[in-house]
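Quick note: the sequence shown uses full-length UniProt numbering, first residue 1, plus one each step.
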Amino acid sequence: MKFLAFFALFVVAASRHIQFDPELNEHWENFKKVFGKVYDETEEVNRRMIWEQRVSDVVRHNLRYDLGLHSYRKGINEYSDMEHEEFVRIFNGFRRQPGQKTNSSTWVPVFNVQIPDQVDWRTKGLVTPVKNQQQCGSCWAFSTTGSLEGQHKKKTGKLVSLSEQNLVDCSGPE
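If you want it as structure tokens, here you go:
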């Protein structure tokens, strides 16, 4: 019985020794430096595993982009060391208030207008730089200001960055 317990402990310990891609060492250190990442030893192993998988996914996707199989490129950002579920739990923070009513309507397609297959509002100068909402939990405010900023630019010719915080502050009691 003691032998079995010792063997199980050995297997667990051996599996904890993880081999990282040495060619990515400098990139990993740069990632941590650029995004201010600091981990204890155990967390560093976990984050590095996630990050290396993400790097592999990004490289694979971008190769497929180069072959014309995707319409966009991917990159590494400050969230590349997070599991998808962790990201969703932290950043998808919209929570409907109990008893909050919605006012929805049905979209009716327009038949008298030719709608393009795609529009890139960046090329038209109708979007402000990307804003980082972090853990705000008010993605609706960022969506709203983005839409209004573009419409304001179309109407006035001036691109103005609007305040999401103003919308949150004026949206009612928390």
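Idealized CB from N, CA, C, for every residue including glycine.
Assuming His-70 and His-61 are in contact, meaning their beta carbons sit under 8 Å apart, how far apart are those beta carbons, in whole angstroms?
Reading the sequence shown from its first residue, position 70 is the one you call residue 70. Reading the sequence shown from its first residue, position 61 is the one you call residue 61. Contact flag correct, Cβ pair sits at about 6 Å.
How far does the alpha helix (DSSP H) with Met-82 in it extend, from its first residue to its last?
Within the sequence shown, numbered from 1, the residue matching residue 82 stands at position 82. No alpha helix (DSSP H) contains Met-82, which DSSP labels as neither H nor E.
Using CA atoms only, rank isn't needed, just tell me which of Leu-24, Leu-67, Arg-64 is closest to Ile-50.
Along the sequence shown, read from residue 1 onward, the residue named residue 50 stands at position 50. The candidate whose alpha carbon is nearest that of Ile-50 is Leu-24.
Helix, strand or coil, according to DSSP, for Trp-28 in the structure here?
In the sequence shown, residue 28 corresponds to position 28, counting from 1. Reduced to three states, the DSSP call for Trp-28 is helix.
Is DSSP giving Gly-36 helix, strand or coil here?
By one-based count along the sequence shown, residue 36 stands at place 36. Gly-36 falls in the coil class under three-state DSSP.
Indicate whether the contact test is met: 3 or more Cβ pairs, each with one atom in the stretch 123-140 and one in the stretch 106-113, closer than 8 Å.
no
Where Leu-162 and Glu-43 are concerned, what is the direct C-alpha to C-alpha distance, given to the nearest angstrom?
Your numbering for residue 162 matches position 162 in the sequence shown. Your numbering for residue 43 matches position 43 in the sequence shown. If I take the Cα positions, the gap works out to 38 Å.
Just to confirm, is the Cβ distance from Val-58 to Ile-76 under 8 Å?
Taking the first residue of the sequence shown as 1, we reach residue 58 at position 58. Taking the first residue of the sequence shown as 1, we reach residue 76 at position 76. Yes, they are a contact pair.
Can Glu-52 and Asp-21 be called in contact, C-beta distance under 8 Å?
On the sequence shown, residue 52 is found 52 positions in, with the first residue counted as 1. On the sequence shown, residue 21 is found 21 positions in, with the first residue counted as 1. Yes; because the gap between Cβ atoms is below 8 Å, this pair is in contact.
Determine the closest residue to His-27 out of Leu-67, Ser-80, Asn-166, with distance taken between C-alpha atoms.
Here residue 27 refers to the residue found at position 27 of the sequence shown. Measuring from the Cα of His-27, the nearest candidate turns out to be Ser-80.
Of all the options Val-34, Phe-35, Asn-46, Gln-165, which has the alpha carbon lying nearest to the alpha carbon of Gln-19?
Within the sequence shown, the letter at position 19 stands for residue 19. Taking only the C-alpha atoms, the option nearest Gln-19 is Asn-46.
Taking all protein chains shown into account, do 16 or more other C-beta atoms lie within 10 angstroms of the C-beta of Gly-157, making it buried, or fewer, making it exposed?
Here residue 157 refers to the residue found at position 157 of the sequence shown. With fewer than 16 other Cβ atoms within 10 Å, it is exposed.
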